[in-house]
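For reference, the structure is listed below as structure tokens.
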Amino acid sequence: MELRSEDLTVQVGDFTFNHRAAGILIQEAAILLEYYEKEDYWVLPGGRVKVGEDSKIGVEREWLEELGLEVNGTRLIALIENFFVNHRTGSQRHFHEISMYYQLESSTKIPFQIGQKFHGAEIDKLNYSWVPLTELVNLNFRPEILTNYLVNLPECPVHLINHE
Numbered sequence: 000m001e002l003r004s005e006d007l008t009v010q011v012g013d014f015t016f017n018h019r020a021a022g023i024l025i026q027e028a029a030i031l032l033e034y035y036e037k038e039d040y041w042v043l044p045g046g047r048v049k050v051g052e053d054s055k056i057g058v059e060r061e062w063l064e065e066l067g068l069e070v071n072g073t074r075l076i077a078l079i080e081n082f083f084v085n086h087r088t089g090s091q092r093h094f095h096e097i098s099m100y101y102q103l104e105s106s107t108k109i110p111f112q113i114g115q116k117f118h119g120a121e122i123d124k125l126n127y128s129w130v131p132l133t134e135l136v137n138l139n140f141r142p143e144i145l146t147n148y149l150v151n152l153p154e155c156p157v158h159l160i161n162h163e
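For what it's worth, numbering that gives the first Met the number 0 labels the leading residue of the sequence shown as 0, then goes sequentially.
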């Protein structure tokens with residue numbers, strides 16, 4: 000099947016449906032997170048899967064585009080059916096998102112300094128920071144339902160349903 004350049008995003012009435020893939024990279028008991036400064040919340044780095052693309056390839060592509068890092072999705076940790084309202088656009092748009100979260104490995108050297116924000120390959124567009132796993136519960140992390148699973152990664156993938 001041919002990969003298309005369009006994100007797997009569909010508008011259905013008042014809802015936007017997204018298929019998202021994100022990565023979990025843990026190093027020295029810290030996790031790499033993406034920070035949305037305007038809204039003051041944290042997420043796992045990733046993005047929308049493209050039409051015809053599988054989620055593992057999608058997360059690897061997103062990390063290369065956004066962080067300039069070659070990663071390998073080693074295993075699926077969680078699948079989340081996520082229902083939320085996006086307040087960023089001011090439109091109060093409702094989202095129904097299917098998100099796949101993969102544990103990652105990288106052979107690329109990654110800047111590692113706890114608590115210091117840095118930019119990825121898309122300079123000035125996205126902020127990243129290594130956060131100690133012990134502090135994850137104190138952050139405005141989304142989706143919050145995933146927090147405990149990141150502190151103690153499950154042996155088998157989990158399916159979660161989240162209504163914010």
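Built from N, CA and C at the ideal position, the CB exists for glycine as well.
Are the CB atoms of L135 and I23 nearer to each other than 8 Å? Stepping through the sequence shown from its first residue, residue 135 is reached at position 136. Stepping through the sequence shown from its first residue, residue 23 is reached at position 24. Taking 8 Å as the Cβ cut-off, L135 and I23 do not qualify as a contacting pair.
Given this structure, state the Cα-to-Cα distance separating G114 from S105, to the nearest angstrom. Here the question's residue 114 lines up with position 115 in the sequence shown. Here the question's residue 105 lines up with position 106 in the sequence shown. Rounded to whole angstroms, G114 to S105 spans 20 Å at the Cα level.
Among L7, K49, A21 and Q10, which has the Cα closest to the Cα of L78? Numbered from its first residue, the sequence shown carries residue 78 at position 79. A check of alpha carbon separations from L78 across L7, K49, A21 and Q10 identifies A21 as the nearest.
Tell me, please, which residues DSSP counts as bridged to L31. As a first step, residue 31 must be located in the sequence shown, where it is residue number 32. Answer by DSSP bridge pairing, in chain order: W129.
Spatial distance of M99 from V48 (CA atoms): For the purposes of this step, residue 99 is taken as residue 100 along the sequence shown, with counting starting at 1. For the purposes of this step, residue 48 is taken as residue 49 along the sequence shown, with counting starting at 1. As the crow flies, the alpha-carbon of M99 is around 10 Å from that of V48.
Can you say whether Q58 is buried or exposed, counting buried as having 16 or more other CB atoms within 10 angstroms of its CB? Locating residue 58 in the sequence shown gives position 59, counting from the first residue. Per the sequence presented here, residue 58 reads as Val, with Gln not at that position. Buried, by the Cβ-count rule.
Endpoints, the beta strand (DSSP E) within which I76 is located: Along the sequence shown, one-based indexing puts residue 76 at 77. Start and end: V70 to N85.
Closest to V84 by C-alpha separation, out of T15, Q112 and K37, would be which residue? For the purposes of this step, residue 84 is taken as the residue at position 85 of the sequence shown. Closest by alpha carbon: T15.
How is the beta strand (DSSP E) around L103 delimited, first residue to last? Residue numbering aside, residue 103 sits at position 104 when the sequence shown is read from its first letter. Run containing L103: R92 to S105, per the beta strand (DSSP E) assignment.
Would you mind sorting E80 into buried or exposed? The rule is 16 or more other CB atoms within 10 Å of its CB. Taking the first residue of the sequence shown as position 1, residue 80 is located at position 81. Result: exposed.
Test item: CB-CB of F140 and W129 under 8 Å: Residue mapping note: residue 140 aligns to position 141 of the sequence shown, counting from 1. Residue mapping note: residue 129 aligns to position 130 of the sequence shown, counting from 1. Not a contact, by the Cβ cut-off of 8 Å.
What is the rounded straight-line gap between the Cα of T8 and the Cα of H162? Along the sequence shown, one-based indexing puts residue 8 at 9. Along the sequence shown, one-based indexing puts residue 162 at 163. Their backbone Cα atoms lie some 19 Å apart in a straight line.
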